[in-house]
Amino acid sequence: MKKILLAVSVTFAAISMQAQNVGIGTSNPAKKLSVRGTIVVDHDEENNGGMDSASLLFGKNGLVGITSNKLFGINSGGMDLWTAGFRRFSINNSGNTGIGILPNNNFRLQVSGKLNATGNISTNDSLLVNGHVGVGISPDPNFRLKVNGSSLITGNSYIDGNQSVDGWLGVGGSLYVVGPLETYNFKANQTLRVGHHVAIGGGIDSAYRLRVFDGNSRFGGSLEATDNFTVGGPLDNTYRLRVVGGNSRFGGDAQVTGRMAIGGEMDDNYRLRVYDGNSRFGGNAQVTGILDVGGNINLTGQLNAGSVNAIAVSIGGKGAARSDGASPLRIGFNSRNVDVTIPGGATVEYTVNITDFSGDNDDVRVMVSQFQTATGSSIDGWERMLITVSNVNAANDTCQLNIHNTGSGQLTVRGTIYLTAIAKN
Numbered sequence: 001m002k003k004i005l006l007a008v009s010v011t012f013a014a015i016s017m018q019a020q021n022v023g024i025g026t027s028n029p030a031k032k033l034s035v036r037g038t039i040v041v042d043h044d045e046e047n048n049g050g051m052d053s054a055s056l057l058f059g060k061n062g063l064v065g066i067t068s069n070k071l072f073g074i075n076s077g078g079m080d081l082w083t084a085g086f087r088r089f090s091i092n093n094s095g096n097t098g099i100g101i102l103p104n105n106n107f108r109l110q111v112s113g114k115l116n117a118t119g120n121i122s123t124n125d126s127l128l129v130n131g132h133v134g135v136g137i138s139p140d141p142n143f144r145l146k147v148n149g150s151s152l153i154t155g156n157s158y159i160d161g162n163q164s165v166d167g168w169l170g171v172g173g174s175l176y177v178v179g180p181l182e183t184y185n186f187k188a189n190q191t192l193r194v195g196h197h198v199a200i201g202g203g204i205d206s207a208y209r210l211r212v213f214d215g216n217s218r219f220g221g222s223l224e225a226t227d228n229f230t231v232g233g234p235l236d237n238t239y240r241l242r243v244v245g246g247n248s249r250f251g252g253d254a255q256v257t258g259r260m261a262i263g264g265e266m267d268d269n270y271r272l273r274v275y276d277g278n279s280r281f282g283g284n285a286q287v288t289g290i291l292d293v294g295g296n297i298n299l300t301g302q303l304n305a306g307s308v309n310a311i312a313v314s315i316g317g318k319g320a321a322r323s324d325g326a327s328p329l330r331i332g333f334n335s336r337n338v339d340v341t342i343p344g345g346a347t348v349e350y351t352v353n354i355t356d357f358s359g360d361n362d363d364v365r366v367m368v369s370q371f372q373t374a375t376g377s378s379i380d381g382w383e384r385m386l387i388t389v390s391n392v393n394a395a396n397d398t399c400q401l402n403i404h405n406t407g408s409g410q411l412t413v414r415g416t417i418y419l420t421a422i423a424k425n
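Residue numbers (our numbering): 1 to 425.
And the structure:
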C-alpha cells in the first residue's frame, strides 16, 4: 500500500496535545485525534477512487474504508464504502445508491443480492426486482412474487406469466388475463368477460366456450344463448335446445314459437308431438287448432279445442263433446229399473224421463247403452229379448222404452236398462 505523507503546518494556538491525545481546534481532545471543524482529504484532485489514493481507512491492513474518485472512471464524483477490500456501498454524483453493485442513474437504489425488510417498503416511483420476492414469507424460486396474507392493488395489475393465489383474489376494477386463468373459487360482482374458453371443475375443452364438469350450475338472472344449447350430453347442432337423458322443469313460462316434440323426432306436421308417453296438465289446456291424441287424455279441468280427433272418448257423469260438424253435441245418461214377465210375442212399454237439455232444439237421440241384471237374477233366453227406444219427446224430456219377447214362451226380465241421450245444439 502506498504511504500518504501529510504535510501539516503547525500553529501552536490551534493544536493542543494532552496525555497523548491530539486536538485540532479544541484544547480538550477526548480521543487520540479530535477535530473541531471540517476535514478535507484530498490528493490534488487526483484521487482515482482506489484504496491507495486519498482515503479514510480503518484497521491494521487498511481493507475497510471510505474513498472518493475525483477523476474520470468508476463512480466518478461519488463515494464508496469498502470492507475486506471490496466496494460494498456506493453513491454516485446524482445521489443514486448501489449495494453490491455500482449505482444506476435509472434507480435511486439498486441492490445486487437478497434484500430482507422486516418493516414496510414504500416508493413513489419504480421498483424493479429481477429475482424472486416474498412478502410475509420466504421467496419461492417457483414464483416471482409470493405473498402470505392479503394484497390490495388500487390500480391496474398486469401479469404476463402465471399467478397462483391460495386464498381469495379481490379485484375492485377490471381483471384482464391474457393466458389461462386457473382458480378454485371465482366471484365477479360486476362484468366478467372471457375472450376464449372457460372450464369449471376440469381442464379446458377447446370444443366449448364454457364447460362445467360434474356439478350444478345456477344462474340468478337471465341466460341467453345465441346458438345451440345441449344439457346432459354432447352438443347437438340439430336443436337449439336439447336435454339428454333427464327431466326438464320450468318454474315460469315456456314459449315455443316453432315446433316441439317430446320423446321422439321433430314432426313438421305438428306444433307439439308427444311420443309413447302420457301428458298431464294440472290446469286448463287450450288448443286453437287440431289436437290428435293416439292414447288417453285424463282431464280434471276443461278441454277447449277447435277440433278433437280421438280413438275413444270416455266421460264420467255428465259431459260435453263436439260433433265432427259445426254444431256441438251434449250427452246425458239415464236408466230404468224393470221387473216384468213378458208372454211370448208380447211387448211391454215404459215411459222414461231423459236428460233436460236446455235450448230450443228438439234434435235429441236416445240409445240403449247397457242392461245390468239384478243381483241374484239371470235371464234364460237372452236371444228372445229385444229392447228399443221410440217416441222421443225433447219438449217433455221423455221417451218410450219397449221390451219385446220375440219367442213363443214367456220371458222374465229383472234388472236395470241404461240409456244414453245425445242432443245436437
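Positions of the beta carbon are idealized from the N, C-alpha and C atoms, including for glycine.
If you compare alpha carbons, which of the options is closest to residue i?
i: G258; options: F250, Y270, V392; result: Y270
i: S34; options: G23, V41, D42, V40; result: G23
i: G149; options: G134, G232, T288, A117; result: G134
i: S138; options: T118, S27, L128; result: T118
i: N353; options: N391, T373, R108, S377; result: N391
i: V256; options: L272, G245, R249, D268; result: L272
Where does residue i fall in DSSP's three states?
i: E349; result: strand
i: G319; result: Interpretation of G319 is limited by its pLDDT of 47, a score under 50 that renders its predicted location unreliable; the figure taken from the coordinates is listed afterwards. Correct three-state label for G319: strand.
i: R384; result: helix
i: Y208; result: coil
i: D80; result: strand
i: N278; result: coil
i: G113; result: coil
i: T288; result: strand
i: T257; result: coil
i: F219; result: coil
Quick check: the Cα distance between residue i and residue j, rounded to an integer number of angstroms?
i: G277; j: A261; result: 12 Å
i: Y239; j: T230; result: 8 Å
i: S122; j: H197; result: 39 Å
i: T154; j: R193; result: 20 Å
i: S369; j: S358; result: 23 Å
i: G201; j: L210; result: 11 Å
i: R336; j: Y350; result: 9 Å
i: L145; j: G37; result: 49 Å
i: D253; j: S126; result: 58 Å
i: G73; j: G203; result: 58 Å
i: G95; j: N106; result: 11 Å
i: N334; j: T347; result: 21 Å
i: T420; j: N247; result: 43 Å
i: V366; j: Q286; result: 31 Å
i: E46; j: T67; result: 12 Å
i: G50; j: N69; result: 7 Å
What do you reckon, are the CB atoms on residue i and residue j nearer than 7 Å?
i: F371; j: G344; result: no
i: I91; j: G78; result: yes
i: T412; j: T341; result: yes
i: L102; j: N75; result: yes
i: G263; j: Y275; result: yes
i: V364; j: A423; result: yes
i: Q427; j: N116; result: Residue numbering for the chain in the displayed model covers 1 to 425; residue 427 lies beyond these limits and cannot be assessed.
Stretch pair the stretch 368-384 + the stretch 395-407: three plus CB contacts closer than 8 Å: With the cut-off at 8 Å, the stretch 368-384 and the stretch 395-407 touch.
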